[in-house]
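A quick write-up on the structure given underneath.
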Amino acid sequence: MSKIPDSASQDPYGQPEEPDRLILKAKEIFSEARADTENVQKFFDLSDEGAPIEEQEKCLVPLFQKLVFLVTGRKDVDLAPPVVEYIIPFRTLLDQRLLKRASDRSNNKKESPEDIAIRRLTNYIIKEDEKLRKIESNKSSAVTRSVEQAWETGYVGETDRLLRDAISSMYSKSSSLPYANFCPIIQGSGTGKSRLVDKLAESVFTIPITLRPLADDKGALSLVNIEHQLRPPGSGFPLGDTANGKALLNFFCKPEYFTSALHAQLYYLQFLLKSLAIAGNWIDDYKRSGRGTENIAAEWRQHLSTPRTAPRNHLYGQATDPSALETFEDILDESVRFIDLQARVKNFVGAITDKIKSKTDKGPVILFYFDEAQHLTAFTVTKGEKEPRRTAYQCLCKAFTYMLDVPVFTLFLSTYSRLSEFSPSARNFWSARLLASTSKESNDNLNAPFVELPFDAWKSPTIVKEGSHSGDEICSLRFMARFGRPMFWALFESLDATDSQVIGLAMSKLKLHFEDTRKPYNIHTYDELIPLLAARVDFTFESNRDEAVFLEGLLVASAMRTVYSVPKHRQYLRGGYPSEPLLAEAAARAILAYFRSIAEGKASITTIITQYKYDIPLAVSAWFQRGLIDKGSRGELVARMLCTLAHDISILKKLTDGNLDANASFSQMITVADFFRALIAEEYVDKVLDAQPGNSTKGEPLKKVFENAYVHFTQFVKAGDKSAMTDTAAYLLFTRGAAIQGHGTMPDVDFIIPVWIRGDSNPDRWSMTAIFIQVKNRKAKQTIHIDMQKKHKFFTKGKERPYITIAMQLGLSVENKSKDKLVKVSPPHVKKLRDNKEKYPRYEISIDGCSNKTYNVIGDASATYSALLAERDILSEHPREGKFLDAVKRMKPFWKLESYNWASIRKSLDPHAKDQPEDWLVGLDRGQKGEENRLVTDLSGLHIES
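515 is the number of the first residue of the sequence shown in our numbering; add one for each residue after it.
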């Protein structure tokens, strides 16, 4: 157990608290309490009379609650004033005369009696708070123990080698280039960042630093605590490093602040050099024992062990000691020239690295890593308006510029991807030399973040064996945990975590936290649904909108979004929610929990289904209006939303008001008939289920052929090429609970929903078929049903299977159309001369429009869908209409009919014809209704079209 610090370690927002500031605030609390003379006198009278303790405590409760909140940052701490044990400090602090008398008698020049009395009370609160936290932690200890035990599970994969190669490549280009000898590792929670660098430490001599507060569950909304809020109390792992009983974070985010940014840089540099010096002494002792250096990195890692062990406490206790390092007595002297100090640092560090450097080393010899590095970006090292305003992260990066041309490299680990802080682009970097002409002067030498963390790295190389997994197994949480980030299956492997605990943890990590005080971006409308729908429906965020870039970064930080890539320019990231069935299941349950919460748990199934239909498209529409979501393929997005709603509602309909809880599984399989009953309007669903194959004269109704057929999808994944258009891919993605979206790579098809035709055996490719969906958002009707076998060879030969095609013609108007034409299905195909029975019967469905007339999942939200599907040009957001919009159009941003009114056209083609004064300007022939895109000139019947 760590030593209790002498004063509060963090402020209410998880930031290091200034001891002096805490004392000052506590003095204010007691000053206010003394002003209530009636209450103070009552306390003294009760104390003098020896009244029951409970009566005396009542007088102190208000001030003590304020003191507890000041120290712990929590209002839920059930702590009574310690009247008996601390009667003297209370009486002293509440009586001005006693304070003066004690001050007059005191010989302590460092602290006044008032300070000492307050310190005694705050230390008591810290100790009691730690006891309470341990009790709270025990309540959620199963998941916590599982996280710790997951570290004992054998490391899977070769990502450590991949990272080592990346570091070697970056290091080889970093010589003499400032800001090139470090790199951020940015990725969502549970992807194994900490475990990765710990594994790397077995092969590269590493100085590990974890910057986690001693108590990481204070519950504040600052960015510093985003990730910590998502964990159960005290469950942060690995633990934060300590030095002399205090969080090592306190050293970097110095409570008393620094005199200047340069002071902070030198202060950090001294820490780095001392850490290297201690490591150098250990290396000397190691080599004197007669051992070689082949395994020295692994031996050093084993020696340091995990945070808060004696060797690590000793290392950082010595490194943070304020005494000067030999030969660097003037290191904090800001008048020392940078180039001179840099040369001395190079010689000092080089002497240490030479002790273990081998002839074959191409990469760095020593590695630093700072885990939980987001804390450094949230702390400004100088007070008030003192310029320049620099964060601890910026100053630490600057400290590493003293280590150019030495084999040292540094990694900064974080879930938070605010690129302007961790890996800023040149346009918003924090040095004055933004536009330097040479690489040595430029700050744009920064390395793009490393994001290539383990994915689909299960304990066995083969996650799925065809035909070996039953339908029930595929739908189980433990099977779903095999896919994606390693955290979930590692928790199950620890044996302590239950299904409900793991899915509960996943749901808690899908909460989006906004940071109102640091950026002007504040999204209120349906913000809780953003990560949940992004994980289910798949959103692509606008990369040219700062607010959208900021939002995507927050989703990575607090809502499990995965970073795929950060371009070299580092102005935005490319991210998404890849195929992780357990996370998609958690998102589905969280959506249900959201609608139950807004109804305060009193809503019926029918009411909740109505809310699903109305609020989900409204939420997406609101984000569209804010410019957060890419509007390029709105028809496909609407189709994904319709199918997802149909999927979830078909499951909700199976529930009763009595069993409507967070444990309802959305990964259960759904019959094709139930899916269509949820998707298609009641008026037409029987027509669809009675459909006959359109490519055969013989065949049974759809409902008969697909009687034992099931869909199983909780998210959509993007196809990268035509390989997705096979029954093999359909089977494999069925096991992951995923439908496939074309993403411009599947000709003739926009979506494939895998369908399992259940038989006597487990699912495999020969029992798979699919629903093929094409989406059109055009006003003209198109014929789009295709033969998937003849054109794309979807089915593996050997077994006949039917399939379904759906044409979602979302852009077609349904006004003035007869009901029979809104939803069409395939009749039996008539062949000349002879009957035909097709091996792969195709059931064709065509749905016109996008309203509640045709879709059961739309409900009362038809207008919302119309707005989502409406095509907009570049002027759709112009703030002024009418004559102002006409003025903009005269600039010719695009060419429409009225764009040609600057020219006159002759009436006749006859060169001898006299010019007519009636020459007219090109314009719209208003008699041609609905021909707005056609340029018509009355030139002897000649029509010119553009």
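All residues carry an ideal CB built from backbone N, CA and C; glycine is no exception.
Cβ separation of residue i and residue j, assumed to be a contact under 8 Å, to the nearest whole Å
i	j	result
V1152	L1382	6 Å
I1163	V1337	18 Å between Cβ atoms; not a contact.
L608	A549	About 11 Å; that fails the 8 Å criterion.
W1270	Y1224	5 Å
R1050	A1117	Actually they do not touch by this definition, with Cβ atoms about 21 Å apart.
L839	L787	6 Å
For residue i, the nearest candidate out of the options (CA to CA)
i	options	result
M1260	D1235, R851, P1268 and D679	D1235
E1056	M1183, S1079, L855 and R1088	R1088
V1186	K1218, Y1379 and D1013	K1218
M1183	L1246, A1133, G1251 and L881	G1251
F1265	A1375, F557 and M1302	M1302
H1226	A1233, N1209 and Y1245	Y1245
H1306	N1276, K1335 and V1263	V1263
F842	N621, L763 and F785	F785
S1275	G985, P1092 and L918	G985
T720	S1079, L925 and L584	L925
P825	P722, I1194 and N1209	P722
N553	L577, K541, A540 and E542	L577
E886	L1203, M994, C573 and L763	L763
L676	S717, G1396 and K801	S717
R802	S849, I870, F852 and C767	I870
A1107	T820, L1046 and M684	L1046
N1471	I537, V598, N621 and A1384	No answer is possible for residue 1471: the residues shown for the chain start at 515 and end at 1460.
T820	A715, K876, I792 and D1144	A715
Buried or exposed by the 16-neighbour rule on C-beta atoms within 10 Å, applied to residue i
i	result
Q570	buried
R815	buried
Y1523	Missing from the structure shown is residue 1523; the chain here goes from 515 to 1460 and no further.
D1052	buried
K1127	buried
F1064	buried
A1417	exposed
G1312	exposed
T1409	Before going on, a small fix: residue 1409 reads as Trp here, not Thr. That one is exposed.
E1459	Reliability of the predicted coordinates at E1459 is poor, the pLDDT of 36 falling under 50, and the value obtained from them is presented with this limitation in mind. Looking at its Cβ environment, which holds fewer than 16 other Cβ atoms inside 10 Å, E1459 is exposed.
H1083	exposed
D798	exposed
Straight-line gap, residue i to residue j (C-alpha atoms, nearest Å)
i	j	result
P1268	R1356	15 Å
D755	R709	16 Å
F969	F997	7 Å
P596	K580	14 Å
R1272	F893	58 Å
T724	D559	51 Å
A694	Q1255	39 Å
D1433	M1405	In this prediction, D1433 scores a pLDDT of 46, lower than 50, which makes its location untrustworthy; no coordinate-derived value is stated.
A778	A906	8 Å
L855	L910	16 Å
I632	P603	7 Å
S953	V922	Note that S953 scores 38 on pLDDT, short of 50, meaning its location in the model is unreliable; the coordinates nonetheless yield the value given after this. C-alpha separation (whole angstroms): 20 Å.
K1353	R1191	27 Å
K1346	A1195	Legend: pLDDT at K1346 = 48, less than 50; position of this residue unreliable, value from coordinates given subsequently. One C-alpha to the other measures close to 35 Å.
K1025	I1112	16 Å
Y1379	T1310	38 Å
K1534	R1148	What is shown of the chain runs 515 to 1460, which leaves residue 1534 out entirely.
L584	K539	8 Å
L1019	A1100	9 Å
Q555	I640	28 Å
T1054	P1341	39 Å
L635	W796	41 Å
A594	G804	59 Å
In the segment 581-619, which residue ranges form an unbroken beta strand (DSSP E) of at least 3 residues, counting only runs that do not cross its ends? none
Quick check for students: name the residue ranges of the beta strand (DSSP E) that lie wholly in the segment 994-1080, counting only runs of 3 or more. 1076-1079, all fully within the segment 994-1080.
Every unbroken beta strand (DSSP E) inside the segment 1299-1341 [3 residues or more]: 1317-1323 and 1337-1339
Ignoring anything shorter than 3 residues, give me the beta strand (DSSP E) runs that lie fully in the segment 683-713, in order along the chain. 696-700, all fully within the segment 683-713.
List in chain order: all unbroken alpha helix (DSSP H) runs of 4+ residues lying wholly within the segment 745-793. 763-766
Every unbroken alpha helix (DSSP H) inside the segment 856-916 [4 residues or more]: The segment 856-916 is shown to contain whole alpha helix (DSSP H) runs of 4 or more residues at 888-891 and 906-913, in chain order.
Enumerated in chain order, which unbroken segments of the beta strand (DSSP E) with a length of 3 residues or greater are wholly contained in the segment 1362-1427? none
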